[in-house]
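Right, one structure below, let's go through it.
Number of protein chains: 2
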Amino acid sequence: MAKQVATNITWHEGNITREERNKNLGQKGATVWFTGLSGSGKSTIAVALEQVLLQRGKHAYCLDGDNVRHGLNKNLGFSAEDREENIRRIGEVAKLFADAGMLALTSFISPYRADRDKARKLHDDIGLDFIECYVECPLDVAEQRDPKGLYKKARAGEIKGFTGIDDPYEEPLNAELVLRTDLYDVAGCVQQVLTLLEERGILSA
Amino acid sequence: MAKQVATNITWHEGNITREERNKNLGQKGATVWFTGLSGSGKSTIAVALEQVLLQRGKHAYCLDGDNVRHGLNKNLGFSAEDREENIRRIGEVAKLFADAGMLALTSFISPYRADRDKARKLHDDIGLDFIECYVECPLDVAEQRDPKGLYKKARAGEIKGFTGIDDPYEEPLNAELVLRTDLYDVAGCVQQVLTLLEERGILSA
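Protein sequences, first through last, are from chains H and U.
Heads up: the first sequence at position 85 corresponds to 87 in our numbering, and the numbers run straight through without jumps.
Heads up: the second sequence at position 63 corresponds to 65 in our numbering, and the numbers run straight through without jumps.
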């Protein structure tokens, strides 16, 4: 027989609900999924958005190549199968963050419509908001920026299957937002996302 | 040239630091890793702990079979290789949650010492707290509880490789806590975890 220990601990049967977690965090958990060419500005916008949300006392976390490709997905390569599994896992992790009440901000090229749609469905199926933000930028502008020197390598044939060069980017057909980084600066793009989050009631609980 | 849009949005170069996220959440992100036999009480303690943390305005999330095995890890079976990959992914996801400032509460049998030690190392390597809680309970007590009827099936040979029956459970050698669920009730176990979290300064930022 287990000992009764004197504590001031009380709890109810069953799990904490998402609503309870949201209320505790003062926001509604959701995923903001940035998609677009390499160099389009996905990470720049996500990082700036995280900062602005934090300034407002909101809670977000960026999932990106730095913390996912070298960790959870380090056993995946760049075959078609592995690319699909890469995006599948990211969708599942973003869903867990959103379910936890966090704002998951994902920055991955995620070039295939079918993969993004599956990530969306994971959220839809359990009533979580999935905000697809197409970070749109003409290829020549992204290639001129080339922040990681990847286009140069792809043009030289040192990288095979590079999105926009020798692998397709499938534009979203029904993205919640299209952020034209060739026309608007970072603050302008962040403002568009913030406005949408506010309109959807995501920034309060 | 991108348009300058009139906003009140400002941000600094670089990523938000973990310290900034922790401060915003009023706690230090960490992983509390519950390990033990099926029926030992891992999930019961984790769920009660999440509730008590939430009552105190802290932010936690349970990772368990329900939200991981049917989602992120649904493409894994029960081969030795898949079991290892199962725990590896859970360790990586818990690390992401902890890095985000959350308290990740994981409830998985996680029977092998090497797998748990790898999850610990992922956290250690980037300076995150990893609190291993061995939820200890004699096999005969766990088997008598048998909340999911799994021991019965394992004894009948309907489940192969079941921990404690025909697959080993490797007890932790250096767990931060040993929670004897045959001796203490749930409140008593939760109190022990809370006390440790307080002592480690995890419940403030």
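Where a beta carbon is used, it is the ideal one built from N, C-alpha and C, also for glycine.
Along the segment 108 to 140 of chain U, going in chain order, the ones with a CB nearer than 9 Å to a CB of chain H are Leu124.
Taking all protein chains shown into account, Lys5(U) has fewer than 16 neighbouring C-beta atoms within 10 Å of its C-beta and is therefore exposed. The count of Cβ pairs closer than 8 Å, one atom from the segment 59 to 76 of chain U and one from the segment 183 to 198 of chain U, stays below three, leaving the stretches out of contact. Taken atom to atom, the span from the alpha-carbon of Gln146(H) to that of Cys139(H) is near 11 Å. In the structure shown, Phe132(U) adopts extended strand secondary structure according to DSSP, grouped into three states. Separation of Lys97(H) and Ala121(H) (C-alpha to C-alpha, rounded to the nearest whole angstrom) is 8 Å.
Nearest CB-CB separation between Glu86(U) and chain H: not below the 8 Å threshold. Ranked by how close their Cα comes to the Cα of Glu172(U), the residues Thr37(U), Val95(U), His14(U), Arg23(U) have Thr37(U) in first place. For Phe36(U), the enclosing beta strand (DSSP E) covers residues 32 to 37. For Ile18(H), the C-beta contacts it makes with chain U under 7 Å involve Glu52, Gln53, Leu56, in order along the chain. Taking 8 Å as the threshold, the shortest C-beta distance from Val49(H) to chain U falls below it.
For the segment 184 to 197 of chain U, residues whose beta-carbon sits nearer than 7 Å to a beta-carbon of chain H comprise Asp184, Leu185, Tyr186, Asp187, Ala189, Gly190, Val192, Gln193. Taking C-beta atoms under 8 Å as the contact rule, Thr33(H) and His125(H) qualify, at a distance of about 6 Å.
Here Phe164(H) is buried. Its C-beta has 16 or more other C-beta atoms within 10 Å.
Contact check between the segment 62 to 74 of chain H and the segment 92 to 107 of chain U: three or more CB pairs, one atom from each, fall below 8 Å, which counts as touching.
Taking C-alpha positions only, Gly31(H) is separated from Gly73(H) by approximately 23 Å.
Beyond the five residues adjoining it in sequence on each side, Leu175(H) comes within less than 8 Å, by CB distance, of Arg115 in the same chain, given in chain order.
At a C-beta separation below 9 Å, Thr37(H) has no neighbours in chain U, since its nearest C-beta there lies roughly 19 Å away. Scanning chain U for C-beta atoms nearer than 7 Å to the C-beta of Leu27(H) yields His61, reported in chain order. Residue contact check for Leu152(H) against chain U: no CB pair falls below 8 Å. By a beta-carbon distance limit of 8 Å, Val137(H) contacts Ser42(H). Their separation comes to about 4 Å. The beta-carbon distance between Ile89(H) and Asp117(H), rounded to whole angstroms, is 4 Å. This is short enough to meet the 8 Å contact definition. Comparing alpha-carbon positions, the option among Leu179(U), Gly16(U), Lys154(U), Leu141(U) lying closest to Gly166(U) turns out to be Leu141(U). Those residues of the segment 69 to 82 of chain H placed with their C-beta closer than 9 Å to a C-beta in chain U are Asn69, Val70, Gly73, Leu74, Asn75, Lys76, Asn77, ordered along the chain. For Lys97(H), the neighbours in chain U by C-beta distance under 9 Å run, in chain order, Asn69, Gly73, Leu74. The three-state reading of DSSP puts Arg202(H) in coil, since its state is none of H, G, I, E or B. About 6 Å separates the beta carbon of Leu105(H) from that of Leu55(H), a gap short enough to meet the 8 Å contact definition. Linking Arg157(U) to Gly151(U) through their CA atoms gives a straight-line distance of about 10 Å. Under DSSP, Lys5(U) shares a beta bridge with Tyr186(H). Boundaries of the alpha helix (DSSP H) harbouring Tyr153(H): 152 to 157, taken from the DSSP string. Against chain H, a Cβ distance below 7 Å from Gln6(U) picks out Asp187.
Interface residue (Cβ-Cβ distance to chain U less than 8 Å): Glu94(H) is classified as such. At least 8 Å separates the beta-carbon of Ala207(U) from that of Leu51(U). Counting the other Cβ atoms within 10 Å of the Cβ of Pro170(U) gives fewer than 16, which makes it exposed.
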